[in-house]
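Each residue of the sequence shown is one higher than the one before, counting from 13 in this note's numbering. All C-beta atoms in this analysis are idealised placements derived from N, C-alpha and C, irrespective of residue type, glycine included. Note that the structure is a prediction, hence the values are computed from the model and not measured.
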Amino acid sequence: MRIFDPHVHMTSRTTDDYEAMYAAGVRALVEPSFWLGQPRTSPASFLDYFDALLGWEPYRAAQYGIAHHCALALNPKEANDPRCAPVLDVLPRYLVKDSVVAVGEIGYDSMTPAEDTALAAQLQLAADHGLPALVHTPHRDKLAGLRRTVDVVRESALPPERVLLDHLNETTVREAAESGCWLGFSVYPDTKMDEDRTVAVLRAHGTERVLVNSAADWGKSDPLKTRRVGEAMLAAGFDEDDVDRVLWRNPVAFYGLSGRLRLDVPPPHGLHEGNSVLRGGE
């Protein structure tokens, strides 16, 4: 089972997690920029963080045979802090970096006017830089948040087929699918979606344009949840091709829209397996 985790925050995970992920089949991931758990007090904090996602984390992942890419943005929660707003002015010089495969996470947390402004501005940045966008849908009042998000996407210069709507669930999947965007499901131990609910959604809506992620971070989370979803799919009667579509080919297709996706990291510890370099939607 080959796995591409399209949303996982490895800066808050250990090297043991990288080792376990490789053993579970993870060969690639995207790490979106997110809230660190406490307020940043300066835009410079973002710059150090972005530099780590561009340098240190790809190096660390490569030691365990995993290709690391990132998505950079002013995240929704911090869009409400005026001390963080200047990050929007410096993002363009980071979005040209080779390992940046999307603008993200952007979207809504509390659906404030400041979040409206940041979302619209960053969708425009994605369009300007030829990048797709990873959009965080809010954890509260999810359907209203999804509808507001889709409205802003429709008003933007970025086509919906270059947008991934993440943190979806049973209440939002139908309208998200109708929007023409890609569909993301985060699988957590206690919150968001679990394996069985995710499989039920896949039965009802199919595997087209669907991505499954662990969204693992500094909270109670599990970077092996992608593997567990694959196992649950097989147990529920999906075949190996269905699993490969959801856990590998779909994230490769979406992030391949950046033209920057590279999957050529050699395996660790002298192991040998086929490696590849993918550009565009290959």
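Contact belief for residue i with residue j at Cβ below 8 Å, rounded distance in angstroms
| i | j | result |
| --- | --- | --- |
| A36 | L236 | 5 Å |
| A138 | L170 | 5 Å |
| L84 | Y106 | 5 Å |
| T149 | T184 | 7 Å |
| H114 | P144 | The sequence shown places Ala at residue 114, rather than the His named in the question. 5 Å between Cβ atoms; contact. |
| D17 | S191 | At roughly 24 Å, the Cβ-Cβ gap does not stay under 8 Å, so D17 and S191 are not in contact. |
| V277 | A74 | 5 Å |
Terminal residues of the beta strand (DSSP E) in which residue i lies
| i | result |
| --- | --- |
| N79 | The question names Asn, yet the displayed sequence has Ala at residue 79. Note, A79: beta strand (DSSP E), 79–84. |
| V213 | Unbroken run through V213 is the alpha helix (DSSP H), 207–217; no beta strand (DSSP E). |
| H148 | 145–148 |
| D121 | Premise fails: D121 is in no beta strand (DSSP E) and is neither H nor E. |
| P248 | Note that residue 248 is Ala in the sequence shown, not Pro. Counting along the chain, A248 falls outside any beta strand (DSSP E), and DSSP gives it neither H nor E. |
| V264 | Per DSSP, V264 belongs to no beta strand (DSSP E); it is in the alpha helix (DSSP H), 262–267. |
Residue i classed as buried or exposed, judged by whether at least 16 other C-beta atoms fall within 10 angstroms
| i | result |
| --- | --- |
| G292 | Model confidence at G292 stands at a pLDDT of 37, short of 50, so the residue's coordinates are unreliable; what they give is reported in the following sentence. By the 10 Å Cβ count, G292 comes out exposed. |
| D229 | buried |
| R272 | buried |
| S45 | buried |
| S270 | buried |
| K232 | exposed |
| P201 | exposed |
| A247 | exposed |
| G286 | Reliability fails at G286, whose pLDDT of 44 lies under 50, so the model's placement of it is uncertain and the value that follows must be treated cautiously. Exposed, since its Cβ has fewer than 16 Cβ neighbours within 10 Å. |
| W260 | buried |
| G116 | buried |
| E167 | exposed |
| E90 | buried |
| V289 | For V289, the pLDDT reaches just 36, beneath the cut-off of 50, and the residue's location in the model is therefore unreliable, although a value from the coordinates is still provided. By the 10 Å Cβ count, V289 comes out exposed. |
| E294 | Confidence is the limiting factor: at E294 the pLDDT is only 35, short of 50, which leaves the residue's position unreliable, though a coordinate-based value still follows. Classification of E294: exposed, given that the 10 Å Cβ count is below 16. |
| E173 | exposed |
Delimiting residues of the alpha helix (DSSP H) encompassing residue i
| i | result |
| --- | --- |
| R166 | 154–167 |
| S198 | Not the alpha helix (DSSP H): S198 falls in the beta strand (DSSP E), residues 194–198. |
| R186 | 185–190 |
| R105 | 99–107 |
| E31 | 27–36 |
is_contact[residue i, chain C] using C-beta, thresh 8 Å
| i | result |
| --- | --- |
| N225 | Absent from the structure is chain C; it holds one protein chain and no more. |
Beta-carbon proximity of residue i to residue j, cut-off 8 Å
| i | j | result |
| --- | --- | --- |
| H217 | S198 | no |
| T238 | I15 | yes |
| G242 | M13 | yes |
| L65 | T27 | no |
| I118 | Q136 | no |
| M123 | R160 | yes |
| A244 | E207 | yes |
| Y267 | V42 | yes |
| V222 | N181 | no |
| V164 | L214 | no |
| H81 | S111 | yes |
| H21 | L146 | no |
Contact test: residue i Cβ vs the ligand PLP heavy atom, cutoff 7 Å
| i | result |
| --- | --- |
| R159 | As for the ligand PLP, it is missing from this structure, which has no ligand bound. |
Please determine if the region 49–64 and the region 272–283 are in contact, where contact requires at least 3 C-beta pairs separated by less than 8 Å.
Because the criterion of three Cβ pairs below 8 Å is not met, the region 49–64 and the region 272–283 do not touch.
Between the region 151–158 and the region 126–133, can you find at least three pairs of beta-carbon atoms closer than 8 Å?
Taking a cut-off of 8 Å on C-beta distances, the region 126–133 does not touch the region 151–158, as fewer than three cross pairs fall below it.
I want to know whether the region 46–56 touches the region 255–262 - three or more CB-CB distances under 8 Å.
no
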